[in-house]
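Novice: Below is the structure I would like to discuss, written out as structure tokens.
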Amino acid sequence: MPICYHAAVKFSGARIIAFDNDGTLYPAGAEVCMSVLEAHRVYVREHGLGLETPDIRWVQKHIGADAKEFYSLMMPGQPRSVVDDFEDYCLHHEKGAIDTRPHLYEGAVELLSALKDAGRILLLVSNGSPRYLKHIWDAAGYGAWFSQMYPYGPPDYGTKGERLKLAHEDWGGGAAVMIGDRRSDWDAAQHAGLPFIGCRYGYGEDSELSDADHVVDDISELRDVLL
């Protein structure tokens with residue numbers, strides 16, 4: 005059952021709805037996680053780096069970190085040039101997995117279609133790199149619903165909060181809400197001065213959503229909250 009911590013917050017009046025990607029709309033399932041691990045195993049072996057490849061639980065735990073942090077954590081002690089090279093190598097593997105498994109969470113298509121039909125402005129604000137998010141955008145058909153994406157990348161490498169604030173301003177401000185599954189999504193909402201809906205079905209721990217204005221257990225619950 006969804007939990008509403010601040011009953012005064014009326015999400016149905018939100019004109020702008022910003023979504024996180026991984027763990028909120030896109031499952032980033034076992035196939036994608038395993039592609040990251042396989043890329044790491046091969047890269048480390050071919051470059052003689054002597055690093056241990058983490059397990060799938062490690063990858064799932066760190067989903068939501070910005071792209072620079074994520075790939076740096078996978079290449080501890082390595083110079084930026086190596087981290088960047090590994091990221092490029094890894095993204096090639098990830099694209100194959102995404103193309104094979106482009107499906108969103110069950111119910112996501114219906115939710116996004118209903119919001120779009122209701123005239124809501126949908127924005128994608130993610131800590132994924134531009135290249136990774138573009139793979140998802142194309143494979144999942146996000147262009148049918150979303151007006152714009154705000155990935156983590158050049159020229160400014162802004163924080164998620166900075167990008168959410170920019171997205172809100174870009175599209176005229178006013179009533180808006182951020183939706184995500186990690187503490188970083190709540191942090192972003194705080195920075196932008198927006199309410200936050202937490203998704204318990206994603207990758208975050210319950211404690212990460214303890215300050216959310218509302219929490220849902222299933223993506224299907226978002227329709228009743230937002231419309």
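Numbering (the numbering used here), first residue to last: 5 to 231.
Quick reminder that beta carbons are idealized off the backbone N, C-alpha and C, glycines included.
Roughly how many angstroms separate the alpha carbons of D221 and A22, rounded to a whole number?
Specialist: Each residue's Cα considered, the two are about 18 Å apart.
Novice: Look up A2 in the DSSP assignment and say whether it is helix, strand or coil.
Specialist: Outside the shown range of the chain, which is 5 to 231, sits residue 2, and nothing can be said about it.
Novice: So, at 7 Å on beta carbons, what are the nonlocal neighbours of H66 in its own chain, with the 5 sequence-adjacent residues on each side left out?
Specialist: The answer, listed in chain order, is F74 and L77.
Novice: Among A118, E110 and D215, which has the Cα closest to the Cα of D228?
Specialist: The residue with the shortest Cα to Cα distance from D228 is A118.
Novice: Taking only three categories from DSSP, how would you classify G178?
Specialist: Coil at G178, not helix or strand.
Novice: Taking Cβ positions, are A143 and L29 nearer each other than 7 Å?
Specialist: No, Cβ-Cβ distance for A143 and L29 is not below 7 Å.
Novice: Got a sec, what are the start and stop residues for the beta strand (DSSP E) A22 sits in?
Specialist: Looking at the DSSP string, the run of the beta strand (DSSP E) that includes A22 is I20 to F23.
Novice: Classify S133: buried if its beta carbon has 16 or more other beta carbons within 10 angstroms, exposed otherwise.
Specialist: Classification for S133: buried.
Novice: Suppose the cutoff is 7 Å on Cβ atoms and the five residues either side in sequence are ignored; what does the same chain contact list for I102 look like?
Specialist: V36, H139, I140 and A143, listed in sequence order.
Novice: Return the CA-CA distance between I223 and H107, expressed in angstroms with no decimal places.
Specialist: Cα-Cα distance, rounded: 14 Å.
Novice: Excluding the five sequence neighbours on either side, which residues of its own chain have a C-beta within less than 6 Å of the C-beta of A34, listed in chain order?
Specialist: Nothing listed; no residue qualifies.
Novice: Closest to I183 by C-alpha separation, out of S130, W62, G176 and Y156, would be which residue?
Specialist: Nearest C-alpha to I183: S130.
Novice: Suppose you measure from the CA of D121 to the CA of A148; what does that come to, to the nearest Å?
Specialist: Looking at the two C-alpha atoms, the distance is approximately 11 Å.
Novice: Going by the beta-carbon positions, is the gap between D185 and C203 smaller than 7 Å?
Specialist: Yes.
Novice: Taking the C-alpha atoms as reference points, what is the distance between Y156 and A71?
Specialist: Each residue's alpha carbon lies about 7 Å from the other.
Novice: Give the straight-line distance between the Cα atoms of N25 and L128, rounded to the nearest whole angstrom.
Specialist: For N25 and L128, the distance between alpha carbons rounds to 7 Å.
Novice: Among K99, A69 and H51, which has the Cα closest to the Cα of Q82?
Specialist: For the residues K99, A69 and H51, the minimum Cα distance to Q82 belongs to H51.
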